[in-house]
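Q: Below are the structure tokens for one structure; questions will follow.
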Amino acid sequence: MQPSDPVTSLVRLTPIQLSALKKLGIATILDLLYHFPSRYDEAGAEESIAGLVAGQEATIFGTIKKLETRKSWKRKVPIGEAVIEDGSGSVKVMWFHQPYIAKKFTEGMFVKAVGTVGGKDNKLYLANPHVEGADPAEAGLFSKPVAENDERQFFAVYPESRGVTSLWFRHAIDRALKSGIVDSLQDPIPAQTREKYNLPDIASALRFIHVPTDIRHAEAARKRFSFEEIFAIQVARALERASNDAQHSFSIPDAFDSAQRFLASILFKPTRAQKRAIEEICDDFNKAASSKKGTSGPMARLLEGDVGSGKTLVAAAASYATVTSRPPGRQSGTLQVAYMAPTEILAQQHFESFIEYFKDLPINIGLITGSGCKKFPSKSSPGNATTISRSQLLKWVGNGEIAMLVGTHALIQKSIQFQHLALAIVDEQHRFGTRQRRALAHKGDAAPHFLSMTATPIPRTLALTIYGDLDISVLDELPPGRAKITTAIVPAKDRLLAYEAIRSQLRQGRQAYVICPRIDEPDPEKLNAIQAKSAKAESVRLQKDVFPEFKIGLLHGAMKPKEKDEVMRAFAEGEIDLLVATSVVEVGVNVPNATSIIIEGAERFGLSQLHQLRGRVMRSSHTPFCYLFAETKSDVSLKRLRALASTQDGFKLAEADLENRGAGDLFGRSQWGVSDIGMEALKNPRLISAAREEAQGLVASHRELSSSLLTRVEKIAGELHGE
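As structure tokens, then:
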């Protein structure tokens with residue numbers, strides 16, 4: 000039996016279990032062994048039913064009986080019910096809005112239940128508890144008390160899916176461990192690295208994490224696997240960077256002087272952070288000029304700036320330095336720039352911005368989107384842009400006549416070829432797959448310098464991990480003149496006051512957003528008691544009952560791209576007064592006239608996402624307002640919202656969210672390809688630094704990677720390239 004063998008070679012699986020494991024990303028025995036517990040229960044630590052007290056978090060073992068489903072008498076809420084009995088008594092369990100759970104069990108089944116005790120006196124119950132089938136041997140009721148010198152026994156609790164419980168995982172993993180397969184595993188962490196950081200080897204760590212006899216062993220194993228994942232990611236990123244640095248690129252030797260001429264031509268003064276970022280970019284450009292052949296590896300840099308920090312100005316300075324430079328060996332023509340934006344309306348806005356920046360330069364600027372193509376300047380009207388055919392645009396880009404091309408995903412189509420593409424800029428690049436990024440980077444006769452920009456504040460540990468192949472520049476201050484936003488947490492009783500405040504803004508000719516957590520109305524049969532507002536229903540209600548005198552628009556992710564672009568265009572041009580939307584507006588809408596935003600169900604969003612959303616109304620000198628409507632009275636949730644209201648520093652909020660909620664909640668695990676245990680490591684800067692140092696040292700030494708590490712790295716590289 001090999002680690003790469005399917006799980007079916009270890010245990011028999013029903014179709015439901017096969018589906019559940021697929022959902023959890025488990026196909027092989029090694030995948031199963033790397034499915035780590037989320038927590039541990041200690042044998043003998045459970046409560047007897049007779050000793051339960053209202054308000055406590057309880058773990059009980061017993062026999063489940065009297066299973067049924069019904070609807071509550073007053074509210075007609077669907078409920079699943081059962082009774083659990085142990086030797087000391089019985090207690091009712093109730094699943095509100097989840098009656099199907101009661102159908103998962105059979106009468107007389109032995110179970111473990113974990114939940115909060117509700118009710119009072121002799122009418123206690125467990126509300127929406129986690130219940131799973133259990134082995135009587137797990138219950139302290141069926142074993143002698145643990146003596147002081149005996150080994151304590153911990154039972155792993157795993158992330159589950161319908162059909163595979165923690166009990167199933169314990170039995171399956173126990174079989175894998177006893178097969179001896181872990182002793183044949185090659186360790187992806189080099190021995191000297193394990194020794195340096197006192198990390199257990201892979202066989203010991205797998206036993207420690209699944210069946211610990213001491214919780215410290217489990218913690219040591221989690222630390223080891225956290226390090227392993229970050230180390231593998233950093234090796235993949237280091238190899239990617241080494242590949243980048245080996246490519247031929249264009250030199251831009253006078254970049255700094257050109258950038259200074261550009262900054263002297265604009266009407267406002269750049270911030271110190273903008274100047275620093277521009278200098279870092281120019282240094283990258285100049286590295287090519289210092290080599291004997293006039294070439295070196297292209298720049299690979301991430302420009303990270305808070306909402307309104309002026310990333311576009313930095314991009315413009317870098318672009319100016321590029322389009323005022325000659326291709327090698329040429330006395331005429333210019334190097335070219337490609338700028339990719341996430342939406343058509345943002346591409347149009349950047350096209351207009353670059354026209355304003357470069358209107359006095361003798362260069363052509365192009366725009367390509369799914370809706371059509373434009374060129375500046377027009378031959379018949381030099382001060383304006385003109386619509387041109389796609390074929391004509393492609394011809395001018397291909398022969399170098401268009402120095403700067405702005406566009407959306409259309410930029411990476413095979414039909415577009417540049418003559419001397421020297422700089423590729425991608426706005427909000429984490430919205431694009433890396434394969435698309437690479438497609439843009441190979442459209443000329445040399446690898447272009449690459450500048451990625453994001454307005455999402457990213458904690459440093461996450462940035463060093465996810466963007467380990469990029470250098471990082473940070474814009475950590477705002478340009479003067481930007482009005483500070485007023486953020487208020489609005490209780491239900493003051494909702495009408497918030498509406499009136501927005502009405503006042505709309506009457507002054509301003510615009511507003513209302514953000515909802517959902518697109519459609521919730522299904523009462525499937526959701527918990529909290530009913531999140533939907534964008535569709537709220538747009539109808541607000542138009543009919545609250546703001547009938549104003550034009551209301553609707554925007555959500557399920558709309559077709561052309562429909563979204565049309566709504567965004569109408570809002571940007573003032574045809575829509577109030578836009579009801581989901582968080583799809585987090586990126587890609589720049590409407591300076593919008594000064595107010597309501598965020599419904601604010602506690603459902605991460606702090607950084609809330610900060611991004613309120614950034615939609617921080618685009619001008621007009622005083623902006625953000626109203627947070629919360630559906631919860633939880634002290635923890637309200638504390639988070641108060642943190643948002645008390646600061647405008649997106650980086651501080653990102654760090655706070657990472658600490659309090661975890662990076663998975665903050666950014667979405669699927670977006671970054673990092674597991675739960677890898678996410679835990681992001682709270683440990685020393686671990687990130689150590690893994691990064693070891694990975695870069697390994698790649699720099701050109702030592703051959705072990706097959707186990709190479710397998711991990713190739714998988715990560717596949718995700719990196721969107722494969």
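Numbering follows numbering that gives the first Met the number 0, in which position 98 of the sequence shown is assigned residue number 97; successive positions increment by one, without gaps. All residues carry an ideal CB built from backbone N, CA and C; glycine is no exception. Remember, it's a predicted structure, so these values are computed and weren't measured experimentally.
(1) Keeping to the same chain, check which residues put their C-beta closer than 7 Å to that of Pro187; ignore five residues upstream and five downstream.
(2) Hey, Gly304 and Leu474 are a contact pair by Cβ (cut 8 Å); roughly how many whole angstroms apart?
(3) Lys103: which of Thr386, Gly86, Ile63 and Leu469 sits nearest, CA to CA?
(4) Go through its chain and collect everything with a Cβ distance to Cys372's Cβ below 6 Å, but skip five positions before and after it.
(5) Give me the residue from Val616, His448, Gln608 and Thr13 with the minimum Cα distance to Thr485.
(6) Where does Gly61 fall in DSSP's three states?
(7) Along the chain, which unbroken stretches of the beta strand (DSSP E) at least 3 residues long are found entirely within the segment 465 to 517?
(8) Distance, Cα to Cα, Thr622 vs Pro591?
(9) According to the neighbour-count rule (16 or more other Cβ atoms, all chains shown, within 10 Å of its Cβ), is Pro297 buried or exposed?
(10) As an exercise, report each continuous beta strand (DSSP E) stretch of at least 3 residues that is fully enclosed by the segment 384 to 408, in chain order.
(11) Is Gly649 helix, strand or coil when you go by DSSP?
(12) Locate the beta strand (DSSP E) running through Gly696, then write down its first and last residues.
(13) Between the alpha carbons of Ile214 and Ile100, how many angstroms are there, rounded?
(14) Does Glu548 come out as helix, strand or coil in the three-state DSSP assignment?
(15) Report the partner residues of Cys625 according to the DSSP bridge assignment.
(16) Which whole-angstrom value is the C-beta distance of Val6 and Leu31, which I expect to be below 8 Å?
(17) Could you please give the first and the last residue of the uninterrupted alpha helix (DSSP H) stretch that includes Thr115?
(18) Out of His701, Gly677 and Gly696, which one is the CA nearest neighbour of Ser225?
(19) Going by beta carbon distance, what residues of the same chain come within less than 8 Å of Val322, once the five residues before and after it are set aside?
(20) With H, G and I counted as helix, E and B as strand and the rest as coil, what does DSSP make of Glu343?
(21) Could you pull out every residue in the same chain whose Cβ sits closer than 6 Å to the Cβ of Asn148, ignoring the five residues on either side in sequence?
(22) Does DSSP put Glu355 in a helix, in a strand, or in coil?
(23) Within this structure, are the beta carbons of Gln273 and Gly309 separated by less than 8 Å?
(24) CB-CB under 7 Å to Gln246, same chain, minus the five flanking residues each way: which ones, in chain order?
(25) Starting from Leu779 and walking both ways along the alpha helix (DSSP H), at which residues does that stretch end?
(26) Which first and last residues belong to the alpha helix (DSSP H) in which Met678 is found?
(27) For Leu496, count neighbouring C-beta atoms within 10 Å of its own C-beta (all shown protein chains included) and say buried if the count is 16 or more, exposed if not.
(28) Would you tell me roughly how many angstroms separate the C-alpha atoms of Pro135 and Phe109, rounded to the nearest one?
(29) Which whole-angstrom value describes the C-beta separation of Asp85 and Ser47, a residue pair presumed to lie in contact below a C-beta threshold of 8 Å?
(30) Residues bridged to Leu580 by DSSP?
(31) Please determine, among Gly179, Phe449 and Ile78, the residue with the shortest C-alpha to C-alpha distance to Ser248.
(32) In whole angstroms, give me the CA-to-CA distance for Tyr39 and Ala155.
(33) Check whether the segment 604 to 611 touches the segment 537 to 545, counting contact only when three or more Cβ pairs, one atom from each stretch, lie closer than 8 Å.
(34) Can you list, in chain order, the residues of its chain whose CB lies under 8 Å from that of Thr368, leaving out five sequence neighbours each side?
(35) Given a threshold of 16 other Cβ atoms within 10 Å of its Cβ, counted over all protein chains shown, does Gly114 qualify as buried or as exposed?
(36) Opposite Phe449 in the DSSP bridges: which residues?
A: From the atom records:
(1) Along the sequence shown, one-based indexing puts residue 187 at 188. Excluding positions up to five away in sequence, the list reads Glu227, Ala231, Ser705, Ser707, Leu708 and Arg711.
(2) Residue mapping note: residue 304 aligns to position 305 of the sequence shown, counting from 1. Residue mapping note: residue 474 aligns to position 475 of the sequence shown, counting from 1. With a Cβ gap of about 3 Å, Gly304 and Leu474 count as contacting.
(3) Residue mapping note: residue 103 aligns to position 104 of the sequence shown, counting from 1. Nearest C-alpha to Lys103: Ile63.
(4) Position 373 of the sequence shown, counting from 1, holds the residue named residue 372. If we look at Cys372 and ignore the five residues flanking it on each side, its Cβ neighbours are Ile387, Arg389 and Leu392.
(5) Here the question's residue 485 lines up with position 486 in the sequence shown. Comparing C-alpha distances from Thr485 to each of Val616, His448, Gln608 and Thr13 shows the shortest one belongs to Val616.
(6) Taking the sequence shown and counting its residues from 1, one reaches residue 61 at position 62. Correct three-state label for Gly61: strand.
(7) Runs found: 470 to 474, 485 to 489 and 510 to 514.
(8) In the sequence shown, the residue the question calls residue 622 occupies position 623. In the sequence shown, the residue the question calls residue 591 occupies position 592. Taking the straight line from one Cα to the other gives about 11 Å.
(9) As a working mapping, residue 297 is identified with position 298 in the sequence shown. So Pro297 ends up on the buried side.
(10) Unbroken beta strand (DSSP E) stretches of 3 residues or longer found wholly inside the segment 384 to 408: 385 to 387 and 401 to 406, given in chain order.
(11) Within the sequence shown, the letter at position 650 stands for residue 649. In this structure, Gly649 counts as helix in the three-state DSSP scheme.
(12) Taking the sequence shown and counting its residues from 1, one reaches residue 696 at position 697. Not the beta strand (DSSP E): Gly696 falls in the alpha helix (DSSP H), residues Pro684 to Ala699.
(13) On the sequence shown, residue 214 is found 215 positions in, with the first residue counted as 1. On the sequence shown, residue 100 is found 101 positions in, with the first residue counted as 1. If you draw a straight line from the Cα of Ile214 to the Cα of Ile100, it is about 32 Å long.
(14) Within the sequence shown, numbered from 1, the residue matching residue 548 stands at position 549. In the structure shown, Glu548 sits in coil (DSSP, three-state: anything other than H, G, I, E or B).
(15) Walking along the sequence shown from the start, residue 625 turns up at place 626. Residue pairing for Cys625: DSSP places it in a beta bridge opposite Thr486 and Ile596.
(16) By one-based count along the sequence shown, residue 6 stands at place 7. By one-based count along the sequence shown, residue 31 stands at place 32. That belief holds up - the Cβ atoms of Val6 and Leu31 are roughly 6 Å apart, short of 8 Å.
(17) Reading the sequence shown from its first residue, position 116 is the one you call residue 115. Unbroken run through Thr115 is the beta strand (DSSP E), Met108 to Lys119; no alpha helix (DSSP H).
(18) Counted from its first residue, the sequence shown places residue 225 at position 226. If we check each option's Cα against that of Ser225, Gly677 comes out closest.
(19) Here residue 322 corresponds to residue number 323 of the sequence shown, with the count starting at 1. Result list for Val322: Thr333, Leu334, Gln335, Val336, Phe357, Leu360, Ile362, Ala402 and Met403, in chain order.
(20) Locating residue 343 in the sequence shown gives position 344, where the first residue counts as 1. When DSSP states are grouped into helix, strand and coil, Glu343 belongs to the helix group.
(21) For the purposes of this step, residue 148 is taken as the residue at position 149 of the sequence shown. Because Asn148 sits at a pLDDT of 46, beneath the cut-off of 50, its placement in the model cannot be relied upon, and the following sentence gives the value as read from the coordinates. The answer is none, since no qualifying residue turns up.
(22) Taking the sequence shown and counting its residues from 1, the one referred to as residue 355 is at position 356. Looking at Glu355 - three-state DSSP - the assignment turns out to be helix.
(23) Within the sequence shown, the letter at position 274 stands for residue 273. Within the sequence shown, the letter at position 310 stands for residue 309. Yes, the Cβ-Cβ distance between Gln273 and Gly309 is below 8 Å.
(24) Looking up residue 246 in the sequence shown gives position 247. When the five nearest sequence neighbours on each side are left out, the beta carbons in the same chain lying within less than 7 Å of the beta carbon of Gln246 are those of Gly296, Pro297 and Ala446, in order along the chain.
(25) Given a span of 0 to 722 for the chain in the structure shown, any question on residue 779 remains unanswerable.
(26) Taking the sequence shown and counting its residues from 1, the one referred to as residue 678 is at position 679. In this chain, the alpha helix (DSSP H) harbouring Met678 covers Asp675 to Ala680.
(27) Translated into positions along the sequence shown, residue 496 becomes position 497. Leu496 is exposed by the Cβ-count criterion.
(28) As a first step, residue 135 must be located in the sequence shown, where it is residue number 136. As a first step, residue 109 must be located in the sequence shown, where it is residue number 110. Their backbone Cα atoms lie some 7 Å apart in a straight line.
(29) For the purposes of this step, residue 85 is taken as the residue at position 86 of the sequence shown. For the purposes of this step, residue 47 is taken as the residue at position 48 of the sequence shown. With a beta-carbon spacing of about 6 Å, Asp85 and Ser47 fall inside the 8 Å limit used to define contacts.
(30) For this step, residue 580 is matched to residue 581 along the sequence shown. As written in the sequence, residue 580 is Ala, which differs from the Leu given in the question. Ile514 and Leu554.
(31) For this step, residue 248 is matched to residue 249 along the sequence shown. Measuring from the Cα of Ser248, the nearest candidate turns out to be Phe449.
(32) For the purposes of this step, residue 39 is taken as the residue at position 40 of the sequence shown. For the purposes of this step, residue 155 is taken as the residue at position 156 of the sequence shown. When rounded, the separation of the alpha-carbon atoms in Tyr39 and Ala155 is 5 Å.
(33) Touching, no.
(34) To locate residue 368, count along the sequence shown from 1; it is residue 369. Only Glu343, Ala346, Gln347, Gly406, Thr407 and Ala409 meet the Cβ criterion.
(35) For this step, residue 114 is matched to residue 115 along the sequence shown. Counting of Cβ neighbours within 10 angstroms places Gly114 among the buried residues, the total reaching 16 or more.
(36) Position 450 of the sequence shown, counted from the start, is the residue given in the question as residue 449. In the DSSP output, where bridge partners are listed per residue, Phe449 has Ala299 and Ala423.
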